[in-house]
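Working notes, beginning with the structure itself.
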Amino acid sequence: MRILIKGGVWKNTEDEILKAAVMKYGKNQWARISSLLVRKSAKQCKARWYEWLDPSIKKTEWTRQEDEKLLHLAKLMPTQWRTVAPIVGRTPAQCLERYEKLLDAACQQDSNDALDDPRRLKPGEIDPNPESKPARPDPVDMDEEEKEMLSEARARLANT
Numbered sequence: 001m002r003i004l005i006k007g008g009v010w011k012n013t014e015d016e017i018l019k020a021a022v023m024k025y026g027k028n029q030w031a032r033i034s035s036l037l038v039r040k041s042a043k044q045c046k047a048r049w050y051e052w053l054d055p056s057i058k059k060t061e062w063t064r065q066e067d068e069k070l071l072h073l074a075k076l077m078p079t080q081w082r083t084v085a086p087i088v089g090r091t092p093a094q095c096l097e098r099y100e101k102l103l104d105a106a107c108q109q110d111s112n113d114a115l116d117d118p119r120r121l122k123p124g125e126i127d128p129n130p131e132s133k134p135a136r137p138d139p140v141d142m143d144e145e146e147k148e149m150l151s152e153a154r155a156r157l158a159n160t
């Protein structure tokens, strides 16, 4: 007797059988549909249909408007991809993946823009060329050591 473990990567033939079965039996008989696919459960068949094979799934490149809508909705409803997805017109997995890609791109852009910003240095790191950077603004209230340094500098400069 052979033991089959359900799951694994979907094959093209399994996709074709699933499509045909959904056309014949509809989207409410997943147990019946999965009986045609030896290595797949009803839950896996349903997920495959709604996450990949459903013809209504948009598989084109994301538009700027879709990106803006996604970012806006993600701000209003963080982590609620099942709610956001139908509004954007994509699957929850597509929305999450795109959102993460947009965040990564924004972080990359920020890090590229801020490479020259000395404020981006971590404590203990030394700016390799501080001379080419703008001076750090003076604090409103100086400590005693800074006041002493300033008064000494003024005195020495006045005597020159």
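If you're matching positions, the sequence shown starts at 1 in full-length UniProt numbering and goes up one per residue.
Cβ coordinates follow ideal geometry from the N, Cα and C atoms, glycine included.
Owing to the predicted nature of the structure, the values given are computational and were not obtained by experimental measurement.
Residue i, buried or exposed, once every other Cβ within 10 Å from all chains shown has been counted against 16
i, result
"S34", "buried"
"V88", "buried"
"V22", "buried"
"Q94", "buried"
Through-space distance from residue j to residue i, alpha-carbon basis
i, j, result
"A106", "A155", "49 Å"
"Q44", "T79", "23 Å"
"D15", "R82", "23 Å"
"W49", "D104", "29 Å"
"L71", "P86", "14 Å"
"D110", "V84", "26 Å"
Residue i, enclosing alpha helix (DSSP H) - first and last residue
i, result
"K75", "64-76"
"I17", "12-25"
"Q44", "42-48"
"R82", "81-88"
"W30", "30-34"
Neighbourhood of residue i by C-beta distance below 8 Å, restricted to the same chain and skipping five residues each side
i, result
"S132", "Unreliable positioning characterises S132 in this predicted model, as indicated by a pLDDT of 47, which lies under 50. The coordinate reading is nonetheless provided below. Correct list: empty, nothing qualifies."
Nearest-angstrom Cβ-Cβ length linking residue i and residue j, presumed shorter than 8 Å
i, j, result
"K58", "R98", "About 11 Å separates the two Cβ atoms, so there is no contact after all."
Own chain, CB closer than 6 Å to residue i, minus 5 neighbours either side, in chain order
i, result
"R32", "Y25"
"A74", "Y99"
Contacting residues, own chain, Cβ-Cβ under 7 Å from residue i (five flanking each side not counted)
i, result
"L53", "D15, L18, K19"
"L37", "E14, I17, L18, C45"
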